[in-house]
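A.B. asks:
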Amino acid sequence: MSSSFEPSPELTDCLNQLRSMLEQFIGLDDALIAVLIEHESATQLRSEQTPIPNPVVQVIPLILQAIGSSSHTLLQLSEKPGLQTRDCYSICRSIVELAVNICFIISEGTDVAERALRHARQKAFRDLERESRIGTNIIKIIHSGRPAPSTVPGLQEEIDEFTTKSGKEKSWIDGSIDERIAAVGQHQGETIQNRLHTARLMVYRHSSEVLHGSLFSALHFFGATEPSGQPRTLQKLAERIGQQHMVILFAANIAMCEVVESFHKEYGFVAAQAKADAIMERLQTIAYLNRS
Numbered sequence: 011m012s013s014s015f016e017p018s019p020e021l022t023d024c025l026n027q028l029r030s031m032l033e034q035f036i037g038l039d040d041a042l043i044a045v046l047i048e049h050e051s052a053t054q055l056r057s058e059q060t061p062i063p064n065p066v067v068q069v070i071p072l073i074l075q076a077i078g079s080s081s082h083t084l085l086q087l088s089e090k091p092g093l094q095t096r097d098c099y100s101i102c103r104s105i106v107e108l109a110v111n112i113c114f115i116i117s118e119g120t121d122v123a124e125r126a127l128r129h130a131r132q133k134a135f136r137d138l139e140r141e142s143r144i145g146t147n148i149i150k151i152i153h154s155g156r157p158a159p160s161t162v163p164g165l166q167e168e169i170d171e172f173t174t175k176s177g178k179e180k181s182w183i184d185g186s187i188d189e190r191i192a193a194v195g196q197h198q199g200e201t202i203q204n205r206l207h208t209a210r211l212m213v214y215r216h217s218s219e220v221l222h223g224s225l226f227s228a229l230h231f232f233g234a235t236e237p238s239g240q241p242r243t244l245q246k247l248a249e250r251i252g253q254q255h256m257v258i259l260f261a262a263n264i265a266m267c268e269v270v271e272s273f274h275k276e277y278g279f280v281a282a283q284a285k286a287d288a289i290m291e292r293l294q295t296i297a298y299l300n301r302s
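FYI, the working numbering numbers position 267 of the sequence shown as 277, with every residue one higher than the one before it.
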């Protein structure tokens, strides 16, 4: 079977424009990193003087780099929709969750940023000794230079913070992705909450099925779960896969846009927000998205 498909010209144009928008958002993402690390190019994006807390500055650039990297990977896989579209669900889920975490840390501020730092430190230490048990089989990996936690100031306290009473590891934050989105909404308004919610809804359910390798994910990809039935021609299948790719790119663009908006709402990034708004206004010009 061919690895790529040719959807209708109108849908192809839509996909190309969504790719172009995402490429522009990646450029904005790079600019945000420049501001946070005080690169010489930063003055082109932000003239405001609202200070950004040091813990946030320590955490956010690395997560911005991650979301930019995943967005670039999605671009590379989006030249044409095809069998690789299935894997794009998982990449887009990462983009959406990274965006939610960035917005959540920005809206919550120093306490959550410091919690992320503590979690990362103790997680890095735990990585030095890992064990997996399946039935009677045990696989164990231990770094020969692993120090005792007591020899590293504050490490034992951080390990205890992220360990349940039953001895299991805890996540970096207790709330679900929906709870994090709601928390962002409480601090930064209903608009950003609704857009993050929309991006999450577009890809989260189906990306979970793809990641878990379910039969449903395979049937859904080929359109076999639709009420109208599985596409009967290659052209109809191409359109179906192209539409899935459209949703994925749409969700990625929304997620990237809300990262910029979160920065603007908290710290004042007027120039960046204006650029993000201009990018999103292109949606109104895409014929495929505005059919009556």
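Ideal Cβ positions, reconstructed from N, Cα and C, are used throughout, including at glycine.
Are Leu55 and Ala76 touching if we call contact CB-CB under 9 angstroms?
C.D. replies: Residue numbering aside, residue 55 sits at position 45 when the sequence shown is read from its first letter. Residue numbering aside, residue 76 sits at position 66 when the sequence shown is read from its first letter. Cβ distance not < 9 angstroms, so Leu55 and Ala76 don't count as in contact.
A.B. asks: Please state the DSSP three-state secondary structure of Gly278.
C.D. replies: On the sequence shown, position 268 is the one that residue 278 refers to. Gly278: coil per DSSP, three-state reduction.
A.B. asks: When burial is assigned at 16 or more other CB atoms within 10 Å of the CB, is Met11 buried or exposed?
C.D. replies: Numbered from 1 along the sequence shown, position 1 holds the residue referred to as residue 11. Per-residue confidence for Met11 stands at a pLDDT of 47, beneath the threshold of 50, marking its modelled position as unreliable; the derived number appears in the next sentence. Under this definition Met11 is an exposed residue.
A.B. asks: Excluding the 5 residues flanking Gln254 on each side, which residues of the same chain have their C-beta closer than 6 angstroms to its C-beta?
C.D. replies: Within the sequence shown, the letter at position 244 stands for residue 254. Only Thr95 meet the Cβ criterion.
A.B. asks: Helix, strand or coil, according to DSSP, for Gly92 in the structure here?
C.D. replies: One-based indexing of the sequence shown puts residue 92 at position 82. Looking at Gly92 - three-state DSSP - the assignment turns out to be strand.
A.B. asks: Would you tell me roughly how many angstroms separate the C-alpha atoms of Gln68 and Ala282, rounded to the nearest one?
C.D. replies: Working through the sequence shown from its first residue, we reach residue 68 at position 58. Working through the sequence shown from its first residue, we reach residue 282 at position 272. Rounded to whole angstroms, the separation of the alpha carbons of Ala282 and Gln68 is 21 angstroms.
A.B. asks: Shortest alpha-carbon distance to Lys90 belongs to which of Glu139, Phe226 and Leu259?
C.D. replies: Walking along the sequence shown from the start, residue 90 turns up at place 80. Relative to the Cα of Lys90, the nearest Cα in the group Glu139, Phe226 and Leu259 belongs to Leu259.
A.B. asks: Do Thr120 and Gly278 have their C-beta atoms closer together than 9 angstroms?
C.D. replies: Indexing the sequence shown from 1 puts residue 120 at position 110. Indexing the sequence shown from 1 puts residue 278 at position 268. The Cβ-Cβ distance between Thr120 and Gly278 does not fall below 9 angstroms.
A.B. asks: Using the three-state DSSP reduction, which class does Met11 fall into: helix, strand or coil?
C.D. replies: As a working mapping, residue 11 is identified with position 1 in the sequence shown. The predicted model places Met11 with a pLDDT of 47, which falls under 50 and marks its position as unreliable; any figure quoted below should be read in that light. Looking at Met11 - three-state DSSP - the assignment turns out to be coil, as it is neither helix nor strand.
A.B. asks: Helix, strand or coil for Ser176? Go by DSSP, reduced to three states.
C.D. replies: If you number the sequence shown from 1, residue 176 lands on position 166. Looking at Ser176 - three-state DSSP - the assignment turns out to be coil, as it is neither helix nor strand.
A.B. asks: Just the C-alpha distance for Ile73 and Arg242, rounded to the nearest angstrom, thanks.
C.D. replies: For the purposes of this step, residue 73 is taken as the residue at position 63 of the sequence shown. For the purposes of this step, residue 242 is taken as the residue at position 232 of the sequence shown. Answer to the nearest angstrom: the Cα atoms are 43 angstroms apart.
A.B. asks: Mind the definition here: the stretch 158-176 touches the stretch 128-143 only if three or more C-beta pairs lie below 8 angstroms; say whether that holds.
C.D. replies: Contact holds: three or more Cβ-Cβ distances are below 8 angstroms.
A.B. asks: Look at Val270 and Phe35 and say whether their C-beta atoms are less than 9 angstroms apart.
C.D. replies: Taking the first residue of the sequence shown as position 1, residue 270 is located at position 260. Taking the first residue of the sequence shown as position 1, residue 35 is located at position 25. Taking 9 angstroms as the Cβ cut-off, Val270 and Phe35 qualify as a contacting pair.
A.B. asks: Count the other CB atoms, across all protein chains shown, that sit within 10 Å of the CB of Arg190; report buried if there are 16 or more and exposed otherwise.
C.D. replies: By one-based count along the sequence shown, residue 190 stands at place 180. When all chains shown are included, Arg190 counts as buried.
A.B. asks: DSSP three-state call for Ser224: helix, strand or coil?
C.D. replies: Locating residue 224 in the sequence shown gives position 214, where the first residue counts as 1. It is coil, neither helix nor strand.
A.B. asks: Can you tell me the Cα-Cα spacing of Ile116 and Glu16, whole angstroms?
C.D. replies: The residue given as residue 116 occupies position 106 in the sequence shown. The residue given as residue 16 occupies position 6 in the sequence shown. Taking the straight line from one Cα to the other gives about 41 angstroms.
A.B. asks: When DSSP builds the beta bridges, which residues end up paired with Asn147?
C.D. replies: Position 137 of the sequence shown, counted from the start, is the residue given in the question as residue 147. DSSP, once it has assigned bridges, lists Ile144 as partnering Asn147.
A.B. asks: In or out: Ala284 buried (at least 16 other Cβ within 10 Å) or exposed?
C.D. replies: The count along the sequence shown starts at 1 and reaches residue 284 at position 274. Result: exposed.
A.B. asks: Which of the three DSSP states is assigned to Ile183 in this structure?
C.D. replies: What you label residue 183 is simply residue 173 of the sequence shown in a count that begins at 1. It is coil, neither helix nor strand.
A.B. asks: In terms of residue numbering, what span does the alpha helix (DSSP H) encompassing Asp121 cover?
C.D. replies: Here the question's residue 121 lines up with position 111 in the sequence shown. Thr120 to Arg136 is the extent of the alpha helix (DSSP H) around Asp121.
A.B. asks: For Glu268 versus Ala109, is the C-beta spacing smaller than 9 angstroms?
C.D. replies: The residue you call residue 268 lines up with position 258 of the sequence shown. The residue you call residue 109 lines up with position 99 of the sequence shown. Contact flag set, yes.
A.B. asks: In chain order, what residues of the same chain lie with their CB nearer than 7 angstroms to the CB of Leu28, ignoring the 5 residues before and after it?
C.D. replies: Working through the sequence shown from its first residue, we reach residue 28 at position 18. Correct list, in chain order: Met256, Leu259, Phe260 and Asn263.
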